[in-house]
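Numbered by the working numbering, the letters in the sequence shown go through residues 19 to 217 in order.
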Amino acid sequence: MAPRVISISRYKRRKAAGNVKGVGLCALFSRQGDWAFDYALALARAHQCRLNIFYFLQSPYKLRRDVVFVDATRTQTAPVTPELIAQKDKELREQLDDRLGDYTDVGFRLCEGADEWELRKCFRRGEYDVLVIGYEKTGASFGGTNTVEGFAWSFKGPVVMVGPDAPDSFHLNQAAEDWLEHLMIPAGHWQLIDPSTVP
């Protein structure tokens, strides 16, 4: 593969990219979500930093979030109440506790708001430097109003999507390419998100 020519500004951004001080993970309960979890945990361990796990309650509505699905098959709904949030938060922690093993520098955030807005807000606050997402399929919906590729492509910080066909297949946005030396991704196992798939 021939070396790519990059702009001076991108070169400066690459030189300025520091160590990873926090890893964000969008929790998905799927095969690709498991791969993303394993990668995000390994990355957090390697950098000895906090792993912030975000889980979004899914709603049948694009804009309203006061009613959400409460089962894995997305057939039953319930209004969002403090009791429901507490129950879902407990379920999330119990599901992931064994997989975290002895790693304790972990934060959980059960989000009832819009996925994109919450993730951008937490990135601006400095809660994580790199965001990891399970890449379930090309054109998968993200946040109800975007595709996962569209979200990752427009996100200002580094995004690593794991999958869709193998646990060692990674799709990066341009910001993640600038951080590549910190991301523990083997040569030949990553590619930039294809802009033609971005709406």
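All residues carry an ideal CB built from backbone N, CA and C; glycine is no exception.
**Prompt:** Is Ala20 buried or exposed, if buried means 16 or more other CB atoms sit within 10 Å of its CB?
**Reply:** On the sequence shown, position 2 is the one that residue 20 refers to. Legend: pLDDT at Ala20 = 48, less than 50; position of this residue unreliable, value from coordinates given subsequently. By the neighbour-count rule (16 or more Cβ atoms within 10 Å), Ala20 is not buried but exposed.
### Nearest-angstrom Cβ-Cβ length linking Pro182 and Gln50, presumed shorter than 8 Å
For the purposes of this step, residue 182 is identified with residue 164 of the sequence shown, where counting begins at 1. For the purposes of this step, residue 50 is identified with residue 32 of the sequence shown, where counting begins at 1. Contact annotation, Pro182 with Gln50: C-beta distance approximately 6 Å; criterion of less than 8 Å satisfied.
Exercise for the section: Ignore the nearest five residues each way along the sequence and tell me which others in Pro204's own chain have a CB closer than 8 Å to its CB. Expected result: Here residue 204 is taken as the residue at index 186 of the sequence shown, counted from 1. Contacts found: Asp186.
Look at the Cβ atom of Glu61, then the Cβ atom of Met179, and state whether they are nearer than 9 Å.
Reading the sequence shown from its first residue, position 43 is the one you call residue 61. Reading the sequence shown from its first residue, position 161 is the one you call residue 179. According to the sequence as given, residue 61 is Leu; it is not Glu. The answer is no: Cβ separation not under 9 Å.
*Find out if the Cβ-Cβ distance for the pair Gly168, Ala193 is shorter than 9 Å.*
Within the sequence shown, residue 168 is the residue found at index 150, counting from 1. Within the sequence shown, residue 193 is the residue found at index 175, counting from 1. No.
- Task: Could you pull the start and end residues of the alpha helix (DSSP H) that Gly12 belongs to?
- Result: Outside the modelled stretch of the chain, which goes from 19 to 217, sits residue 12, for which no answer is possible.
### Message
Which same chain residues end up closer than 6 Å to Leu149 when comparing Cβ atoms and leaving out the 5 residues on each side of it in sequence?
### Response
The residue given as residue 149 occupies position 131 in the sequence shown. In chain order, Gly42, Val177 place their CB closer than 6 Å to the CB of Leu149, counting only its own chain and leaving out the 5 sequence neighbours on each side.
- Counting only runs that start and end within the region 124 to 206, where is the alpha helix (DSSP H) found for 4 or more residues in a row? List check, alpha helix (DSSP H) in window: 133 to 142, 166 to 172, 192 to 196.
When the Cα atoms are used, what is the spatial distance from Cys140 to Thr93?
Working through the sequence shown from its first residue, we reach residue 140 at position 122. Working through the sequence shown from its first residue, we reach residue 93 at position 75. Cα to Cα, Cys140 sits roughly 30 Å from Thr93.
Q) Exposed or buried, which one is Trp171 when buried takes at least 16 other CB atoms within 10 Å? A) Working through the sequence shown from its first residue, we reach residue 171 at position 153. It is buried - the Cβ of Trp171 has at least 16 other Cβ atoms within 10 Å.
- Name, in chain order, the residues that DSSP records as bridge partners for Thr122. Mapped onto the sequence shown, residue 122 falls at position 104. DSSP, once it has assigned bridges, lists no residue as partnering Thr122.
Query raised in the report: Apart from the five residues just before and just after Glu195, which ones in its own chain have a Cβ nearer than 7 Å to its Cβ?
Result: Here the question's residue 195 lines up with position 177 in the sequence shown. Answer for Glu195: Leu210, listed in chain order.
* Can you tell me the Cα-Cα spacing of Gly40 and Cys67, whole angstroms? -> Counting from one through the sequence shown, the residue named residue 40 turns up at place 22. Counting from one through the sequence shown, the residue named residue 67 turns up at place 49. As the crow flies, the alpha-carbon of Gly40 is around 5 Å from that of Cys67.
Distance between beta carbons of Gly162 and Ala54, contact taken as under 8 Å:
As a position in the sequence shown, residue 54 is number 36, starting the count at 1. As a position in the sequence shown, residue 162 is number 144, starting the count at 1. Distance from Ala54 to Gly162 at the Cβ level is roughly 20 Å; contact not present, criterion being Cβ atoms closer than 8 Å.
Next item on the list: Check the C-beta distance from Phe72 over to Leu137 and give it rounded, since I have them as a contact under 8 Å.
Entry: Position 54 of the sequence shown, counting from 1, holds the residue named residue 72. Position 119 of the sequence shown, counting from 1, holds the residue named residue 137. For Phe72 against Leu137, the beta-carbon gap comes to about 7 Å, under 8 Å, which counts as contact.
| query | For Trp197, is the classification buried or exposed, using 16 other Cβ atoms within 10 angstroms of its Cβ as the cut-off for buried? | reply | On the sequence shown, position 179 is the one that residue 197 refers to. By the neighbour-count rule (16 or more Cβ atoms within 10 Å), Trp197 is buried.
Could you please give me the residues that DSSP links to Arg68 through a beta bridge? The residue given as residue 68 occupies position 50 in the sequence shown. The partner list for Arg68 (beta bridge, DSSP) reads Gly40.
Open item on the list: Between Asp84 and Pro100, how many whole angstroms is the CB-CB distance? I'm expecting something under 8 Å.
Closed with: For the purposes of this step, residue 84 is taken as residue 66 along the sequence shown, with counting starting at 1. For the purposes of this step, residue 100 is taken as residue 82 along the sequence shown, with counting starting at 1. Wrong, their Cβ atoms sit about 13 Å apart, outside the cutoff.
Exercise for review: Identify which residue in Glu145, Phe126, Thr156 has its Cα closest to the Cα of Leu110.
Suggested key: Walking along the sequence shown from the start, residue 110 turns up at place 92. Comparing alpha-carbon positions, the option among Glu145, Phe126, Thr156 lying closest to Leu110 turns out to be Phe126.
Report the three-state DSSP secondary structure of Ala45 (helix, strand or coil).
Taking the sequence shown and counting its residues from 1, the one referred to as residue 45 is at position 27. Correct three-state label for Ala45: coil.
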